[in-house]
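Data block below; observations after.
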Amino acid sequence: MAWCGENICLGIGKEYIILNSTTGATSKVFSSGRSIPLVVPLPSGELILGKDDVGVFVDQNGKLIQDGRICWSEAPSSIVNHKPYGLARLPRHVEICSLYAPYPLVQTIVLRDVHLLQQSNNCAIAAVGSSIYGLLHVPVGAQIVQLTASGNFVGALALCKLLPPEDSSLRAAKEASIHIRFGLLEEGIKLFKDLAGCSLEPDGLTLSSLIYGYCTKVEEGNHYLNSMRSVHGIEPGPDHYTCMVDLFGRADLLQEALNLINSIPDGPHSETRGALLSATRQHSNCNMAKFASVVPEASMERKVANFENIENKIFDPGICLLQQPLFQ
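Residue 449 in our numbering is what sits at position 308 of the sequence shown, and the numbering runs on without skipping anything.
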């Protein structure tokens, strides 16, 4: 049972029923299928109603919301709303899905036989045997980066709105970067110009996205690369040079790409040479390919150093929530 506006949603038997608290009128919504009814109220006034392994979104009157459904791996015993995610209690683990369309699965936490999943002010509480776990958000900025990297641009943009007001420059920079990576170059450029108009500085990620987003517009991409140091006081890094080499390569300007590589202060990284090698293959330039395939010893040392650090990245806490024991 849960309130939804002036109505009450009831799960009776295997049916969902909306009861108007003023008139007493009732209306059937749909069946819960083989599972017991599960009603989850959301801050927006909408509801998630469980039907087997699907969470269906309905409005306050029980009407289906178009394309509003979350698919779990199996029927959950309970669901907790921890904005902007829904956490489902399953027999062998806890599944976390975004509450923004298309409602993707973003993380699975292995916790067997959770007998209670409860929302608190700052975290979700999971009780397992004699232990209690707190499921805590990692920093919003880290969530945005990881969701963007996984291609969940809608979820990443939704998280940008959760950044505090004092981080307005960070929010605008991340939104511009996500728009560009999502293929919405015009929206990204508009946000970038809004940053400049408000005397807010973009970050390196925003500028690399701008360079990459221009596709074959070499002059525009080169302009942003050159402006990094002179205008924004940001030293170009391997990602920025790689984006620009890729831009030159797509425009069949391989000599310009080579000149840029030779101008990199600490020498090219393997990713930068890889972008040039890919372009030589695309344009069948064997002479340039021979140069691009030769990896200097310094670059090899950097590659080995990066490989040694991979273990730390594999054991990353996760995309959205971090499991921490509170009491044992």
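C-beta atoms are modelled at their ideal positions from N, C-alpha and C, and glycine is treated no differently.
GLY209 has its alpha-carbon roughly 22 Å from the corresponding atom of SER291.
ALA143 places its beta carbon less than 7 Å from that of VAL180. Residue pairing by DSSP places TYR226 opposite HIS223 and SER239 in a beta bridge. Across the set THR163, ASN262, GLY196 and THR167, the C-alpha of GLY196 shows the shortest separation from the C-alpha of SER176. For GLN201, the closest of PRO243, ILE158, PRO178 and ASN428 by C-alpha to C-alpha distance is ILE158. Ranked by Cα distance from VAL247, the first of VAL221, SER239 and ASP254 is SER239. The beta-carbon separation of LEU252 and TYR274, rounded to 7 Å, stays under the 8 Å limit for a contact. If you check the CB distance, VAL221 and LEU231 do not come in under 7 Å. Boundaries of the beta strand (DSSP E) harbouring THR249: 246–250, taken from the DSSP string. For GLU156, the enclosing beta strand (DSSP E) covers residues 156–161.
Rounded to whole angstroms, the Cβ separation of CYS150 and LEU205 is 13 Å, and the two are not in contact under 8 Å. By the neighbour-count criterion, in which 16 or more other beta carbons inside 10 Å mark a residue as buried, ALA166 falls on the exposed side.
The three-state reading of DSSP puts ALA267 in strand, counting E and B together. Counted as a single uninterrupted DSSP element, the alpha helix (DSSP H) harbouring THR421 occupies residues 411–423. Nearest C-alpha to SER411 among THR163, ASN363 and GLY378: GLY378.
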